[in-house]
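Contents: one structure, followed by commentary.
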Amino acid sequence: MNVELKVTPDKYLPHRYAGASGDFNPIHIDPEFAKQVGLPGNILHGLYTMAQVARANVNAAGGDPRALKRLSVQFRGMGVPEQEITVTGSVKEERDGRVVVDTEAEQGGKRIIRNGEAELETG
Amino acid sequence: MPVSTDAKGKTYPPFEYEVGKEKIREYAHAVGEDNPIYFDRAKAREAGFRDVPAPPMFAVVYSTGSVGPALFDPDVGINFEMMVHGAQEFVWGEPVCAGDTITTQTSVKDISDRGGMGFYVFESVSHNEAGQEVVRGTWTNIVRGGS
């Protein structure tokens with residue numbers, strides 16, 4: 014099983030994700046506000062990036078969302094719109110029709126999600 | 019300021035969320051899902067779901083109304099200017115589909131001071147109307163410079 018997904022969130026993605034998730038924290042949708050608090054611009058929601066890690070692992074397991082039993086991640090740094098994100102993962106343990114995958118997300122050479130662990134049902 | 023751990027163990031009232039087919043569509047679209055089971059009822063039923071399923075990370079949508087009040091509770095006392103979302107875990111059970119009513123209850127699982135940083139860990143547990151557990155979330159927020 015090979016986990017790899019590439020996605021480039023467009024400029025307005027954080028607005029759509031804010032509407033979909035209900036998280037309207039201005040650091041995600043207002044570049045001026047974000048700059049005032051010391052960020053380079055508006056940043057991605059961490060839980061959006063975690064959703065990309067979930068999607069990459071579900072796809073690798075065949076696309077059935079019921080396959081994903083557990084996902085834990087650590088957020089580091091920050092993701093930004095208009096730059097490609099790459100999610101990768103490799104199987105570290107396999108038993109009884111379940112696999113544990115070490116997984117992370119990287120953007121511009123920085124790991125924005127690290128120490129991710131996904132548990133998938135493959136049987 | 020030292021981190022106050024007084025709110026450890028505090029539990030909040032349950033929060034109810036009715037899962038709608040169009041909300042699933044909106045969320046699935048926003049996160050880039052293209053599997054037709056999230057958009058097409060017939061395709062979802064062919065795949066063995068009673069209605070369109072929610073993508074796993076939709077857990078965020080129905081849990082937020084429960085986790086939010088715990089995060090903002092003055093007894094917990096998080097300094098939001100210094101807070102980052104440090105880690106997140108979800109453990110999924112029964113799938114969530116359009117038409118479900120999900121009840122989520124949140125508690126303060128742990129508060130600790132590690133080298134001047136406050137670690138605030140919340141646990142949310144969500145059930146469907148049949149009483150089946152659908153997800154258990156662990157939300158870790160880190161506050162620099164304590165509370």
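Protein sequence lines, in the order shown, are assigned to chains A and B.
Under the working numbering, the residue at position 81 of the first sequence is numbered 94, and the numbers go up by one with no gaps.
Under the working numbering, the residue at position 46 of the second sequence is numbered 64, and the numbers go up by one with no gaps.
Built from N, CA and C at the ideal position, the CB exists for glycine as well.
What is the DSSP secondary structure of residue i, counted as helix, strand or coil?
i, result
"Ser144 of chain B", "strand"
"Asn128 of chain A", "strand"
"Ile96 of chain B", "coil"
"Gly76 of chain A", "coil"
"Val114 of chain B", "coil"
"Gln96 of chain A", "coil"
"Gly155 of chain B", "strand"
"Ile160 of chain B", "strand"
"Gly35 of chain A", "coil"
"Ser165 of chain B", "Because Ser165 of chain B carries a pLDDT of 44, less than 50, the predicted location of this residue cannot be relied on, and the following value inherits that uncertainty. Here Ser165 of chain B sits in coil by DSSP."
"Gly149 of chain B", "coil"
"Gly67 of chain A", "In the sequence as presented, Gly is not what sits at residue 67 of chain A; that position holds Ala. In this structure, Ala67 of chain A counts as helix in the three-state DSSP scheme."
"Arg29 of chain A", "helix"
"Leu52 of chain A", "coil"
"Leu89 of chain B", "helix"
"His103 of chain B", "strand"
"Gly110 of chain A", "coil"
"Ala25 of chain B", "coil"
"Leu212 of chain A", "The requested residue 212 of chain A is not part of the displayed model; chain A covers only 14 to 136."
"Thr21 of chain A", "coil"
"Thr101 of chain A", "strand"
"Thr135 of chain A", "coil"
Leaving out five residues before and five after residue i in sequence, what residues of the same chain have Cβ atoms less than 6 angstroms from its Cβ?
i, result
"Ser85 of chain A", "Glu130"
"His145 of chain B", "Thr121, Glu151"
"Ala69 of chain A", "Val16, Leu18, Val100"
"Val153 of chain B", "Ala77, Phe108, Trp110, Ser144"
"Phe57 of chain B", "Arg43"
"Thr21 of chain A", "Glu97"
"Phe46 of chain A", "Pro39"
"Tyr25 of chain A", "none"
"Phe33 of chain B", "Gly83, Ser84, Thr122"
"Arg83 of chain A", "Glu132"
"Asn93 of chain B", "For clarity, residue 93 of chain B is Asp in the given sequence; the question names Asn instead. Once the five neighbours on either side are set aside, the close Cβ partners of Asp93 of chain B are Ala25."
Label residue i either buried or exposed according to how many other C-beta atoms from any shown protein chain fall within 10 Å of its C-beta, with 16 as the threshold for buried.
i, result
"Ala148 of chain B", "exposed"
"Val50 of chain A", "exposed"
"Gly59 of chain A", "buried"
"Pro94 of chain A", "buried"
"Ser130 of chain B", "exposed"
"Gly155 of chain B", "buried"
"Glu106 of chain A", "exposed"
"Ile74 of chain B", "The residue asked about is misnamed: residue 74 of chain B is Pro in this sequence, not Ile. Flag for Pro74 of chain B reads buried."
"Pro31 of chain B", "exposed"
"Asn53 of chain B", "buried"
"Ala33 of chain A", "buried"
Pull up the CB-CB distance for residue i and residue j, whole angstroms please, since I reckon it's below 8 angstroms.
i, j, result
"Gly35 of chain A", "Thr62 of chain A", "In fact, because the Cβ distance is near 17 angstroms, the residues do not count as touching under 8 angstroms."
"Glu132 of chain A", "Gly110 of chain A", "Actually they do not touch by this definition, with Cβ atoms about 11 angstroms apart."
"Thr124 of chain B", "Glu112 of chain B", "Between Glu112 of chain B and Thr124 of chain B the Cβ distance is about 19 angstroms, and since that is not below 8 angstroms, they are no contact."
"Ile160 of chain B", "Met135 of chain B", "6 angstroms"
"Gln96 of chain A", "Gln120 of chain A", "6 angstroms"
"Thr116 of chain A", "Gly102 of chain A", "3 angstroms"
"Val139 of chain B", "Lys127 of chain B", "5 angstroms"
"Ala35 of chain B", "Tyr80 of chain B", "In the sequence on display, residue 35 of chain B carries Tyr and not Ala. Correct: roughly 4 angstroms between the Cβ atoms."
"His41 of chain A", "Pro27 of chain A", "5 angstroms"
"Val71 of chain A", "Ala118 of chain A", "Their Cβ separation, rounded to whole angstroms, is 15 angstroms, which puts Val71 of chain A and Ala118 of chain A out of contact at 8 angstroms."
"Ala73 of chain A", "Met14 of chain A", "5 angstroms"
"Gly163 of chain B", "Met100 of chain B", "6 angstroms"
"Arg127 of chain A", "Ala48 of chain B", "Wrong, their Cβ atoms sit about 24 angstroms apart, outside the cutoff."
Please work out which residues of its chain come closer than 7 angstroms, Cβ to Cβ, to residue i, disregarding the five sequence neighbours upstream and downstream, and give them in chain order.
i, result
"Glu55 of chain B", "Sequence inspection shows Ile at residue 55 of chain B; the Glu mentioned does not correspond to that position. Within the same chain, Ile55 of chain B has close Cβ partners Lys61, Ala62, Ala65, Phe67, Val70, Pro71."
"Ala116 of chain B", "Val37, Gly38, Lys39, Ile42, Asp69, Val70"
"Ser165 of chain B", "Any answer about Ser165 of chain B is weak, because its pLDDT of 44 lies below 50 and its placement is not dependable; what the coordinates show is given next. Once the five neighbours on either side are set aside, the close Cβ partners of Ser165 of chain B are Met19, Val21, Ser22, Gly95, Ile96, Asn97, Gly136."
"Asp118 of chain B", "Val37, Asn146, Glu147"
"Ala105 of chain B", "Thr158"
"Phe37 of chain A", "Ala31"
"Arg59 of chain B", "Asp69, Val70"
"Lys26 of chain B", "Val126, Asp128, Ile129"
"Val85 of chain B", "Thr124, Phe140, Ser142, Trp157"
Whose C-beta lies closer than 8 angstroms to the C-beta of residue i among residues of the same chain, with five residues either side of it excluded?
i, result
"Gly90 of chain A", "Lys123, Arg124, Ile125"
"Asp43 of chain A", "Asn55"
"Asp23 of chain A", "Pro94, Glu95"
task: With a floor of 3 residues, list each beta strand (DSSP E) that falls wholly inside the stretch 29-77 of chain B, ordered by position along the chain.
output: The stretch 29-77 of chain B contains these whole beta strand (DSSP E) runs: 33-36.
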